[in-house]
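K.L.:
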Amino acid sequence: MESNTSKAGIIVAAIVALAIGAFGGYMIGNNMNDMNTNESSSNQQSVKQADLRVALNNALREHVTSSLVVARNIVDNAPTAKIEGAKAAQTANAVAIATAVGDIYGEDAQTAITTPFVEHIAQSNNYAQAVANGDTMAQATSLSALRAELRKVATVFNSVIPSVPTDTLYDALSAHEDLLNQAAVEYKAGNFEKAYNLENEALVQISGGAEALTTGIVKSKPDMF
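Taking my numbering, the leading residue of the sequence shown gets 417, the next gets one more, and so forth.
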């Protein structure tokens with residue numbers, strides 16, 4: 417079975433390939449005339465954009481599913497090894513997403529986003545632990561720290577994708593985390609159907625985020641896509 421770390425590597429590899437224009441399999445033969453060459457160039461751009469959209473959607477949906485697995489394990493008071501294994505997969509996905517940002521926008525962008533992106537999942541897990549413990553004060557503390565990290569993530573994304581305002585990004589990220597946090601609350605309360613509905617809503621919402629990011633990335637890096 418393919419490891420989560422391998423999956424993360426595949427995500428990064430896909431976006432690296434996009435960034436360096438390595439989708440040779442989609443290129444039209446060099447023997448076409450000038451008119452067909454222009455058309456093939458347009459088709460190639462469409463393919464690159466579509467592949468970017470798929471890669472981002474897969475990576476962000478994996479972020480949601482891995483976070484949900486961790487939260488459920490915490491609420492269920494699962495064995496430590498099981499919780500830590502789920503957290504390792506969650507972190508690998510977060511690092512893969514941050515690395516993908518670096519592959520497109522450079523090392524500085526990767527460095528700037530890695531810490532807050534990884535830290536936000538740590539605070540999300542702290543929230544789940546507070547829910548499991550029935551500790552409302554700890555929930556409030558972790559939520560405040562979580563929001564601070566989300567603001568940092570939004571700021572970094574805005575710095576490389578100026579077409580997407582920081583506040584818009586922050587609001588979307590906060591709405592995403594609210595769905596996951598509320599799912600943990602409902603799961604703890606035994607309202608499983610409601611919890612699963614919230615989880616499905618989070619998956620739909622994050623796909624919309626992938627679409628928005630794709631549009632912003634293509635706009636900010638037209639020569640690449």
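All C-beta atoms, glycine included, are put in the ideal place defined by N, C-alpha and C.
Please name the residue, chosen from 477, 504, 574, that lies closest to residue 642 on a Cα-to-Cα basis.
P.N.:
No answer is possible for residue 642: the residues shown for the chain start at 417 and end at 641.
K.L.:
DSSP on residue 640, reduced to helix/strand/coil?
P.N.:
In this structure, residue 640 counts as coil in the three-state DSSP scheme.
K.L.:
Decide if residue 519 is buried, meaning its Cβ has at least 16 other Cβ atoms within 10 Å, or exposed.
P.N.:
buried
K.L.:
Please report the residue range of the alpha helix (DSSP H) in which residue 576 lies.
P.N.:
552 to 576
K.L.:
Report the residue ranges of all alpha helix (DSSP H) runs contained in full by the region 463 to 545; include only those spanning at least 4 residues, in chain order.
P.N.:
496 to 521
K.L.:
Nearest by alpha-carbon distance to residue 496: which of 531, 521, 545, 473 is it?
P.N.:
545
K.L.:
With C-beta atoms as the reference, is residue 476 less than 8 Å away from residue 622?
P.N.:
yes
K.L.:
Pick helix, strand or coil for residue 580, following the three-state DSSP scheme.
P.N.:
coil
K.L.:
How many Å lie between residue 571 and residue 528 at the Cα?
P.N.:
10 Å
K.L.:
For residue 548, which residues from the same chain have a beta carbon less than 6 Å from its beta carbon, with the 5 sequence-adjacent residues on both sides left out?
P.N.:
490, 491
K.L.:
Work out the CA separation of residue 578 and residue 449 for me, nearest whole Å.
P.N.:
Residue placement at residue 449 cannot be trusted, given a pLDDT of 45 that sits under 50; the coordinates are not used to answer.
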